[in-house]
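What follows is a single structure, written as structure tokens, with notes after it.
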């Protein structure tokens with residue numbers, strides 16, 4: 058397959074920023090984010106909530122401003138990657154829906170459950186399906202290799218990940234996603250159960266339905 062000139066996107070640099078500064082292991086200041094807008098978040102689809110959390114895009118993105126709006130992260134991602142990030146997000150979401158048609162409805166319901174155990178399991182399931190979708194996209198695009206712990210460790214070790222398509226941008230963002238502790242199963246150098254618990258608690262408080 059003819060390959061275009063490889064480009065190193067700033068998304069990779071963003072990943073290195075996440076790793077270097079320990080960003081994404083939970084909220085920076087321990088706050089639970091905006092307390093308003095509970096009714097609004099209930100109206101958002103599971104797809105929109107996932108897109109906001111995993112890619113920092115769409116109508117739910119503002120719920121994750123403590124993650125995606127950090128100046129150092131915005132500076133590294135840059136506006137020039139927005140189109141590919143949008144394309145990558147749509148590709149990953151479409152593939153996830155094809156693999157598990159009921160997933161995003163459950164994602165929306167479970168994220169709003171306020172139940173720590175339910176949310177903890179949801180994050181594990183989300184990571185597994187997201188990585189499966191990313192690997193399926195790589196296969197569809199004729200790209201070799203899979204996303205796994207070894208790939209994560211290579212990027213964290215400082216090796217550049219070269220990309221040429223929106224699918225590859227998605228792969229970089231999947232690696233970033235593991236740094237917000239989507240699940241400790243990946244067992245990357247930044248993972249810890251404490252980080253996982255902090256992240257689960259933040260999500261439970263932020264998205265619990267108003268009583």
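Residue numbers (the working numbering): 58 to 268. C-beta atoms are modelled at their ideal positions from N, C-alpha and C, and glycine is treated no differently. Being a predicted model, the structure only gives us computed values, none of them experimental.
Exercise. Candidates 163, 185, 186: which alpha carbon is nearest residue 56's?
Worked result: There is no way to answer for residue 56, as the model of the chain reaches only from 58 to 268.
Residue 113 in three-state terms, based on DSSP:
coil
| request: Indicate the three-state DSSP secondary structure (helix, strand or coil) for residue 102 in the structure shown. | output: coil
Buried or exposed for residue 117, going by 16 or more other Cβ atoms inside 10 Å?
buried
Practice problem: Please determine, among 109, 264, 260, 100, the residue with the shortest C-alpha to C-alpha distance to residue 142. | Solution: 109
Requested in this report: Taking 8 Å as the cut-off, decide whether the C-beta atoms of residue 199 and residue 103 are in contact.
Outcome: no
Query raised in the report: Under a Cβ-count criterion, where at least 16 other Cβ atoms within 10 Å of its own Cβ denotes burial, should residue 196 be classed as buried or exposed?
Result: exposed
Return the CA-CA distance between residue 259 and residue 194, expressed in angstroms with no decimal places.
31 Å
Could you give the residue range of the alpha helix (DSSP H) that holds residue 140?
139-156
*Mind checking which residues open and close the alpha helix (DSSP H) that includes residue 165?*
160-168
Handout entry: DSSP three-state assignment for residue 250, whether helix, strand or coil
Key = helix
key: residue 178, DSSP secondary structure in three states   = helix
Q. Exposed or buried, residue 123, counting other C-beta atoms within 10 Å across all chains shown (16 or more means buried)?
A. buried
Practice prompt. Starting from the C-beta of residue 177, find all residues in its chain whose C-beta is less than 6 Å away, skip the five residues before and the five after it, and write them out in chain order.
Written response: 257
> Under the three-state reduction of DSSP, which class applies to residue 72: helix, strand or coil?
Replying inline: Note on residue 72: pLDDT 36, under 50, position unreliable in the model; the coordinate value appears next. Residue 72: helix per DSSP, three-state reduction.
- Identify the continuous alpha helix (DSSP H) that holds residue 122 and give its terminal residues. 122-125
Taking DSSP as the reference, what is the three-state secondary structure of residue 172? coil
C-beta contact flag for residue 121 and residue 113 at 8 Å: yes
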